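Colleague: In the numbering used here, the protein residues as written are 3 to 311.
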Ligand SMILES: N[C@@H](CCC[C@H](N)C(=O)O)C(=O)O
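(1) Does the separation of the CB atoms of residue 145 and residue 104 fall below 7 Å?
(2) Are the beta-carbon atoms of residue 274 and residue 37 separated by less than 7 Å?
(3) Kindly indicate the opening and closing residues of the beta strand (DSSP E) around residue 280.
(4) As an exercise, report each continuous alpha helix (DSSP H) stretch of at least 4 residues that is fully enclosed by the stretch 175-252, in chain order.
(5) Going by the C-beta, is residue 175 closer than 6 Å to any heavy atom of ligand 1?
(6) Just checking residue 241 against ligand 1 - is the residue's beta carbon closer than 6 Å to any of the ligand's heavy atoms?
(7) Hey, could you find the ends of the alpha helix (DSSP H) residue 108 is sitting in?
(8) Could you tell me whether the stretch 155-168 touches the stretch 177-184, where touching means 3 or more Cβ pairs closer than 8 Å?
(9) Do you know offhand how far residue 106's Cα is from residue 63's?
(10) With distances taken between CB atoms, is the gap from residue 206 to residue 218 smaller than 7 Å?
(11) Give the secondary structure of residue 51 by DSSP, where H, G and I count as helix, E and B as strand, and everything else as coil.
(12) Taking only heavy atoms of ligand 1 into account, decide whether any of them is closer than 6 Å to the Cβ of residue 235.
(13) Kindly say whether residue 118, judged by its beta-carbon, lies nearer than 7 Å to any beta-carbon of chain D.
(14) With 16 as the cutoff for other CB atoms within 10 Å, does residue 224 come out buried or exposed?
(15) Among 164, 99 and 44, which has the Cα closest to the Cα of residue 35?
(16) Closer than 7 Å by C-beta to residue 160: which residues in its own chain qualify, once you throw out the five before and the five after it? Chain order, please.
(17) With distances taken from CA atoms, which of 69, 139, 68 and 162 is nearest residue 291?
(18) Taking only heavy atoms of ligand 1 into account, decide whether any of them is closer than 6 Å to the Cβ of residue 190.
(19) Suppose contacts are defined by Cβ-Cβ distances below 7 Å. Is residue 241 in contact with residue 90 by that definition?
(20) Ligand 1 and residue 247: does the residue's C-beta get closer than 6 Å to at least one heavy atom of that ligand?
(21) Sorry if obvious, but does the Cβ on residue 27 come closer than 6 Å to a heavy atom of ligand 1?
(22) Do you know how far the Cα of residue 234 is from the Cα of residue 271?
(23) Examine the Cβ distances between the stretch 115-129 and the stretch 69-89 and report whether three or more of them are shorter than 8 Å.
(24) Return the chain-ordered list of same chain residues with a C-beta closer than 6 Å to the C-beta of residue 263, the five sequence neighbours on each side being excluded.
(25) What distance in whole Å lies between the Cβ atoms of residue 45 and residue 74, which are believed to be in contact at a cut-off of 8 Å?
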């Protein structure tokens with residue numbers, strides 16, 4: 003259906019909207035995991051290009067709906083997998099989101115696309131497939147997030163070193179000891195003695211956008227509580243300070259495990275709550291945590307035309 007496209011400021015990017023009570027609009031769902039919130043929209047609302055300006059406007063907490071990111075899906079993918087694309091609040095597309103994958107799996111079941119307790123999700127940006135299981139007893143969702151590595155090439159870091167382990171990074175007159183780790187998306191873990199949101203808000207963006215990481219990176223400030231618990235504060239690439247991040251939790255658990263600081267089952271404490279990360283000897287990991295539906299809403303045509311203002 004190609005209806006009413008002229009209502010939209012960026013109309014060439016949308017080809018399917020509905021009219022409700024005379025107002026052109028597009029439906030979205032809002033989901034959250036530990037305060038990390040995503041809007042989920044159907045692919046049928048879009049033509050091939052999903053404009054970053056539209057994502058930015060949607061995610062804006064004052065001028066839009068408000069979210070840390072947007073998930074578009076499900077797309078048909080081979081072998082019965084459900085395809086999805088994940089965008090940060092700044093409009094950039096990202097490889098992976100640990101929380102986003104659990105939220106999307108919950109959405110697929112909530113709206114009736116899927117009935118199975120185990121699903122295969124296809125991350126269309128990279129082509130990676132991940133398995134998701136619903137743990138009915140714990141009301142939690144487990145995502146087998148795949149492998150992790152410490153290769154500087156995977157992080158697209160501008161260094162001749164093979165890895166960035168305990169690397170001294172000098173920024174703004176301070177030296178941070180960082181470890182870069184790729185869990186499907188890039189992360190930079192900084193061990194600190196004491197944590198605060200202020201620390202992440204101040205230094206996260208400086209580290210995450212420094213010249214060592216020309217493609218930018220997610221940044222975690224972390225401390226080990228004991229062999230089964232770590233605590234983190236997060237600055238997400240493309241979203242800024244967030245209350246939780248699944249891939250960030252996995253990144254910190256991977257670095258801590260690799261350094262011999264924790265056991266193979268780790269609880270990661272974040273400002274929004276905690277997740278469980280299980281690590282395997284073959285450098286793979288799984289993330290378990292909650293996912294909650296928040297709202298079903300409609301973005302109006304007025305919002306669309308404001309995008310050009
Ligand atoms: N909130 C996410 C991470 C989203 C992607 C990240 N900002 C990136 O650009 O890689 C999570 O739960 O993992």
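Cβ atoms here follow ideal geometry from the backbone N, Cα and C, with glycine treated the same way.
None of the values given here were measured: they were computed from a predicted structure.
Modeller: Taking the structure as given:
(1) Contact check for residue 145 against residue 104 passes: the beta carbons are separated by less than 7 Å.
(2) Contact flag set, yes.
(3) 275-281 is the span of the beta strand (DSSP E), which, as asked, contains residue 280.
(4) 199-210, all fully within the stretch 175-252.
(5) Using a cutoff of 6 Å, the CB of residue 175 does not count as near ligand 1, since none of the ligand's heavy atoms is closer than that.
(6) For ligand 1, at least one heavy atom lies less than 6 Å from the Cβ of residue 241.
(7) Residue range 100-112 is occupied by the alpha helix (DSSP H) that includes residue 108.
(8) Yes: at least three Cβ pairs fall under 8 Å.
(9) Going from the Cα of residue 106 to the Cα of residue 63 covers about 21 Å.
(10) No, they are not a contact pair.
(11) Note: residue 51 maps to coil in three-state DSSP.
(12) It does not: the Cβ of residue 235 is nowhere closer than 6 Å to a heavy atom of ligand 1.
(13) Checking the listed chains, one finds no chain D in this structure; it contains a single protein chain.
(14) By the Cβ neighbour-count rule, residue 224 is buried, with 16 or more other Cβ atoms within 10 Å of its own.
(15) If we check each option's Cα against that of residue 35, 99 comes out closest.
(16) Taken in chain order, the residues that qualify are 213, 214 and 216.
(17) Residue 139 holds the alpha-carbon nearest to the alpha-carbon of residue 291 among 69, 139, 68 and 162.
(18) False, no ligand heavy atom lies under 6 Å from that Cβ.
(19) Judged by their CB atoms, residue 241 and residue 90 are nearer to each other than the 7 Å cut-off.
(20) The answer is yes for residue 247.
(21) For ligand 1, no non-hydrogen atom lies closer than 6 Å to the CB of residue 27.
(22) Across the structure, residue 271 and residue 234 are spaced so that their CA atoms are roughly 6 Å apart.
(23) With a cut-off of 8 Å, the stretch 69-89 and the stretch 115-129 count as touching, because enough Cβ pairs lie within range.
(24) Within the same chain, residue 263 has close Cβ partners 226.
(25) Residue 45 and residue 74 do touch by the CB rule: their CB atoms are close to 6 Å apart, below 8 Å.
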